[in-house]
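The block underneath contains the structure these notes are about, expressed in structure tokens.
Residue numbers (the numbering used here): 661 to 732.
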């Protein structure tokens, strides 16, 4: 019998040159809701875009990419 398991989500961001891994606050939330949730802690995320998902190491990874300081 085959069993399907939902892979955990993680959220990645970069702040001041450091990669930060953010845990999933609630698996039922949309990725946009998670971004808004973490924007309260990391104001740089208020202008971020979402890239992904990428499956790596049995996790679903989304990246929050800040638009601050980018041109174009």
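From the three backbone atoms N, C-alpha and C, an ideal C-beta is built for every residue, glycine too. It should be emphasised that the depicted structure is a prediction, and the values quoted were computed from it without experimental measurement.
Asked: Note the first and the last residue of the continuous beta strand (DSSP E) segment covering residue 681.; Found: 678-683
Asked: Helix, strand or coil: which one does DSSP assign to residue 666?; Found: coil
Asked: For the candidate residues 718, 674, 668, 686, whose alpha-carbon lies nearest to that of residue 710?; Found: 674
Asked: Please state the DSSP three-state secondary structure of residue 702.; Found: coil
Asked: For residue 707, tell me which candidate among 726, 691, 669, 678 has the shortest Cα-Cα distance.; Found: 726
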